[in-house]
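Asks: I am attaching a structure below and will ask some questions about it afterwards.
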Amino acid sequence: MNFSGLYTLFYKEILRFAKVALQTVLAPVVTALLYLLVFSHVLEEHVEVYDNISYTAFLIPGLMMMSIIQNAFANSSSSLIQSKITGNIIFVLLTPLSYLEFYLAFLFASIVRALVVGIGIFLVAMGFVELPVHNALYLFLFAFLSSAVLGSIGIIAGIWSERFDHLAGFQNFIIMPLSFLSGVFYSIHSLPPFWQLLSKFNPFFYMIDGFRYGFFGVSDINPLYSLAVVFVAWTLLAVLTLNMLRVGYKLRN
Amino acid sequence: MLPAIEIENVHKHFGSLHALKGVSLTIEQGEFFGLLGPNGAGKSTLINILAGLTRMDSGAVTVMGHDVVKDYRQSRYSLGVVPQELVFDPFFSVRELLEIQAGYFGQRKTSGKWIDRLLEGLKLTDKASSNMRSLSGGMKRRVLIAQALVHKPQVVILDEPTAGVDVELRSSLWEFIQMLHQEGHTIVLTTHYLEEAEMLCDRIGIINQGEMIALDSKEALLAKGVGQLRTLRITLANHIEALPDLVKSKLQHASANVLEIRLDRHNDSIVAMMDALRDAGGEVVDIAIEESDLEDVFIELTRQAT
Ligand SMILES: Nc1ncnc2c1ncn2[C@@H]1O[C@H](COP(=O)(O)OP(=O)(O)OP(=O)(O)O)[C@@H](O)[C@H]1O
Ligand SMILES: [Mg+2]
Numbered sequence: 001m002n003f004s005g006l007y008t009l010f011y012k013e014i015l016r017f018a019k020v021a022l023q024t025v026l027a028p029v030v031t032a033l034l035y036l037l038v039f040s041h042v043l044e045e046h047v048e049v050y051d052n053i054s055y056t057a058f059l060i061p062g063l064m065m066m067s068i069i070q071n072a073f074a075n076s077s078s079s080l081i082q083s084k085i086t087g088n089i090i091f092v093l094l095t096p097l098s099y100l101e102f103y104l105a106f107l108f109a110s111i112v113r114a115l116v117v118g119i120g121i122f123l124v125a126m127g128f129v130e131l132p133v134h135n136a137l138y139l140f141l142f143a144f145l146s147s148a149v150l151g152s153i154g155i156i157a158g159i160w161s162e163r164f165d166h167l168a169g170f171q172n173f174i175i176m177p178l179s180f181l182s183g184v185f186y187s188i189h190s191l192p193p194f195w196q197l198l199s200k201f202n203p204f205f206y207m208i209d210g211f212r213y214g215f216f217g218v219s220d221i222n223p224l225y226s227l228a229v230v231f232v233a234w235t236l237l238a239v240l241t242l243n244m245l246r247v248g249y250k251l252r253n
Numbered sequence: 254m255l256p257a258i259e260i261e262n263v264h265k266h267f268g269s270l271h272a273l274k275g276v277s278l279t280i281e282q283g284e285f286f287g288l289l290g291p292n293g294a295g296k297s298t299l300i301n302i303l304a305g306l307t308r309m310d311s312g313a314v315t316v317m318g319h320d321v322v323k324d325y326r327q328s329r330y331s332l333g334v335v336p337q338e339l340v341f342d343p344f345f346s347v348r349e350l351l352e353i354q355a356g357y358f359g360q361r362k363t364s365g366k367w368i369d370r371l372l373e374g375l376k377l378t379d380k381a382s383s384n385m386r387s388l389s390g391g392m393k394r395r396v397l398i399a400q401a402l403v404h405k406p407q408v409v410i411l412d413e414p415t416a417g418v419d420v421e422l423r424s425s426l427w428e429f430i431q432m433l434h435q436e437g438h439t440i441v442l443t444t445h446y447l448e449e450a451e452m453l454c455d456r457i458g459i460i461n462q463g464e465m466i467a468l469d470s471k472e473a474l475l476a477k478g479v480g481q482l483r484t485l486r487i488t489l490a491n492h493i494e495a496l497p498d499l500v501k502s503k504l505q506h507a508s509a510n511v512l513e514i515r516l517d518r519h520n521d522s523i524v525a526m527m528d529a530l531r532d533a534g535g536e537v538v539d540i541a542i543e544e545s546d547l548e549d550v551f552i553e554l555t556r557q558a559t
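Line by line, the protein sequences give chains A and B. Once you know that position 53 of the first sequence is 53 in the numbering used here, the rest is easy, because the numbers rise by one and skip nothing. So the numbering used here is basically just the index in the second sequence, starting at one, shifted up by 253.
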């Protein structure tokens with residue numbers, strides 16, 4: 001392993017989003033906050049999903065996970081498409097970095113960005129409502145694995161896309177709908193049976209449900225099962241991404 | 254001694270385009286090699302294969318004895334590439350960029366002094382903390398060169414380093430590249446300025462439509478074919494209706510009172526031409542002799558091949 005090279009690429013990817021933190025960290029926190037203000041104001045009095053948990057409290061883990069999902073994806077995918085389009089990706093491809101090191105650097109940078117945004121939302125949300133922490137390990141595992149899943153999808157999307165609008169399509173037609181329809185704003189038990197069934201095919205549902213368990217100790221699905229789903233999803237995606245990188249798909253034509 | 258670069262029968266297709274048609278080439282350590290060819294000939298494609306940026310369809314390539322596919326780590330440590338396009342990362346300053354590039358090669362901590370030297374050698378010291386976006390084209394080109402050298406590779410490939418570079422900078426780049434060569438680096442240069450290749454390179458390969466059509470020392474190339482010819486340009490005071498046969502047979506171009514005559518260095522006599530013209534009633538006011546240069550050889554070879 002070229003650890004020092006891996007670290008450099010990771011560090012460069014961190015710098016890349018840190019230098020524009022207003023857009024990459026602060027903006028998603030503000031967006032989540034807006035959702036929180038609007039939905040909790042409108043629905044607080046009317047909805048109680050779990051006993052003794054206010055709707056505002058219920059909403060926060062979902063919003064955190066939604067932002068984790070979107071930012072993990074955005075980090076790796078936008079970095080790759082930008083370096084591909086400007087052409088500076090060659091400076092990485094010319095180096096002795098292996099495909100595994102390449103993957104890990106982009107992956108961990110995505111995870112860091114997602115966790116920073118998640119924590120940011122958590123800190124701001126604390127100003128609104130006291131959140132219990134039932135199981136911190138679950139919180140960490142779900143946040144980490146979910147951002148690993150989305151970081152990998154972002155790498156795949158970044159490699160596959162040839163133009164910004166390809167990537168925008170990926171974002172608008174896959175990531176956004178799946179993250180909105182995964183139980184951020186509701187429990188799937190409140191859905192008709194058909195939609196409940198459909199939700200169970202949405203991997204993002206398990207991320208949010210398991211993450212919520214970490215706070216409240218209640219969930220729609222056994223959190224261990226959710227954890228397994230997310231872990232398997234990551235494993236499959238990692239294998240796919242590593243293979244794309246190994247053969248140089250669209251990167252070393 | 255191990256060759257610096259060994260390319261064996263490399264083929265590359267882009268869809269239906271056969272971009273490289275079995276190119277073979279060996280470059281020894283310490284050579285200053287010129288890779289020439291018209292636009293679209295396949296020079297950059299060959300360089301990209303050497304650098305691992307493009308995968309070849311078949312063939313074998315080594316850099317300092319390391320296979321560019323199987324031993325890619327070692328081969329990439331040995332190779333520095335200055336790309337043809339002016340690409341850069343707009344997020345970083347010049348120094349940050351160089352430190353990052355060194356870091357990819359595991360040399361982030363140890364590169365400080367060397368980066369200072371590179372910046373100085375390329376006259377970039379006062380731009381070290383400027384963002385890449387704020388640099389002029391020529392400055393960006395020099396940063397690309399520094400980036401290629403930051404891990405101290407033995408073999409340096411420069412893909413048209415002087416394209417779009419002003420006269421002064423061009424000669425300072427030549428000096429810099431020659432210094433690298435004197436320090437023992439193997440240099441491969443592509444350029445469309447033939448005088449540049451003629452001045453700098455010891456050995457030259459000409460590639461055309463994916464095929465190596467000439468590969469020889471500069472002297473040998475110049476001594477062959479059109480290299481043996483020179484152009485005699487004669488300006489007459491008067492117009493001659495019927496040119497003597499001797500002149501006619503060698504006439505390349507005639508306009509008003511100027512005749513351009515192609516002469517073989519060994520077999521044709523300038524004096525005989527002049528005499529024949531005088532006998533025909535011509536009054537010579539001026540003569541000029543132009544030796545063939547690499548450009549003539551290049552044009553001749555690439556024209557034959559198409
Ligand atoms: N990624 C690619 N996809 C499709 N065709 C390509 C690709 N890269 C190069 N080509 C084609 O391969 C041929 C060789 O291109 P290459 O860039 O190697 O030429 P070159 O000799 O470097 O030319 P120039 O002097 O203009 O830089 C050209 O016909 C080019 O269009
Ligand atoms: Mg080229």
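Where a beta carbon is used, it is the ideal one built from N, C-alpha and C, also for glycine.
What is the chain-ordered set of residues for which the beta carbon lies under 7 Å from any non-hydrogen atom of ligand 2?
Replies: Near ligand 2, meaning a Cβ closer than 7 Å to any of its heavy atoms, lie the following residues in chain order: Lys296(B), Ser297(B), Gln337(B), Asp412(B), Glu413(B), Thr443(B).
Asks: Beta carbon of Ala507(B): closer than 6 Å to some heavy atom of ligand 1?
Replies: no
Asks: Curious, which full-length alpha helix (DSSP H) runs of at least 4 residues does the stretch 466-495 of chain B contain?
Replies: 471-476
Asks: For a contact defined as C-beta to C-beta under 8 Å, what are the partners of Ile60(A) on chain B?
Replies: By Cβ distance, chain B contributes nothing, its closest Cβ being about 33 Å from Ile60(A), past 8 Å.
Asks: Where does Leu251(A) land, buried or exposed, given buried means 16+ other C-beta within 10 angstroms?
Replies: buried
Asks: So is Phe429(B) in contact with chain A if we call contact Cβ pairs under 7 Å?
Replies: no
Asks: Would you report the Cα separation of Leu97(A) and Gly5(A), rounded to the nearest angstrom?
Replies: 7 Å
Asks: Alpha helix (DSSP H) containing Phe429(B): first to last residue?
Replies: Unbroken alpha helix (DSSP H) run through Phe429(B): 420-435.
Asks: Do you know how far the Cα of Leu489(B) is from the Cα of Leu496(B)?
Replies: 12 Å
Asks: Within the continuous beta strand (DSSP E) that includes Arg515(B), where are the two ends?
Replies: Counting along the chain, the beta strand (DSSP E) containing Arg515(B) begins and ends at 511-517.
Asks: Using a Cβ-Cβ cut-off of 7 Å, state whether Asp546(B) counts as contacting chain A.
Replies: no
Asks: Express the C-alpha separation of His434(B) and Ala257(B) in angstroms, rounding to a whole number.
Replies: When rounded, the distance between both Cα atoms is 13 Å.
Asks: Quick one: what's Phe286(B) bridged to in DSSP?
Replies: Val441(B), Arg456(B)
Asks: Unbroken alpha helix (DSSP H) runs of length 4 or more, entirely within the stretch 294-360 of chain B: which are they?
Replies: 296-304, 325-330, 347-357
Asks: Is the beta carbon of Ala416(B) sitting closer than 7 Å to the one on Val334(B)?
Replies: Not closer than 7 Å, so no.
Asks: Ligand 1 heavy atoms versus the CB of Ala304(B): any closer than 6 Å?
Replies: no
Asks: Establish whether the CB of Thr235(A) and some CB of chain B are separated by less than 7 Å.
Replies: no
Asks: Output, in chain order, the set of chain B residues within a Cβ distance shorter than 7 Å of Gly87(A).
Replies: By Cβ distance, chain B contributes Glu338, Val340.
Asks: Pairing CB atoms from the stretch 70-85 of chain A with CB atoms from the stretch 222-240 of chain A, are three or more of them under 8 Å?
Replies: A contact is defined here as three or more CB-CB pairs under 8 Å, and the stretch 70-85 of chain A fails this definition with respect to the stretch 222-240 of chain A.
Asks: Which of the residues in the stretch 294-318 of chain B, read from start to end, lie with their CB under 8 Å from any CB of chain A?
Replies: Ala304, Gly305, Leu306, Thr307, Arg308
Asks: Is Arg556(B) buried or exposed, if buried means 16 or more other CB atoms sit within 10 Å of its CB?
Replies: exposed
Asks: Per DSSP, Ser508(B) is paired with what?
Replies: Val511(B)
Asks: Thinking C-alpha only, which one of Glu284(B), Leu299(B), Leu375(B) is nearest His264(B)?
Replies: Closest in alpha carbon position to His264(B), among Glu284(B), Leu299(B), Leu375(B), is Leu299(B).
Asks: Touch check for the stretch 96-114 of chain A and the stretch 171-184 of chain A: three-plus C-beta pairs under 8 Å?
Replies: no
Asks: Quick check on Lys84(A): does DSSP put it in helix, strand or coil?
Replies: helix
Asks: Where does Ile540(B) fall in DSSP's three states?
Replies: Under the three-state reduction of DSSP, Ile540(B) is assigned to strand.
Asks: Please give me, in chain order, every unbroken run of the alpha helix (DSSP H) with length at least 4 that falls completely inside the stretch 362-418 of chain B.
Replies: As far as the stretch 362-418 of chain B is concerned, its whole alpha helix (DSSP H) runs of at least 4 residues are 365-374, 390-402.
Asks: Determine the direct distance from the alpha carbon of Lys19(A) to that of Leu59(A), and round the result to whole angstroms.
Replies: C-alpha separation (whole angstroms): 30 Å.
Asks: Less than 7 Å between the beta carbons of Val124(A) and Leu63(A), yes or no?
Replies: No, these two residues do not count as a Cβ contact at 7 Å.
Asks: Just the Cα atoms here: how many angstroms apart are His166(A) and Ile159(A)?
Replies: Those two C-alpha atoms are separated by around 11 Å.
Asks: I'd like the span of the beta strand (DSSP E) that includes Val263(B), first residue to last.
Replies: Membership of Val263(B) in the beta strand (DSSP E) is indicated by the continuous run 258-267.
Asks: Thinking C-alpha only, which one of Val537(B), Leu278(B), Thr307(B) is nearest Ile460(B)?
Replies: Leu278(B)
Asks: Would you mind sorting Gln360(B) into buried or exposed? The rule is 16 or more other CB atoms within 10 Å of its CB.
Replies: buried
Asks: Output yes if chain A places a C-beta closer than 7 Å to the C-beta of Val334(B); else output no.
Replies: yes
Asks: Take Asn262(B) as the anchor and find which of Leu332(B), Asn510(B), Ile542(B), Gly463(B) has the nearest alpha-carbon.
Replies: Nearest to Asn262(B) by C-alpha distance, out of Leu332(B), Asn510(B), Ile542(B), Gly463(B), is Gly463(B).
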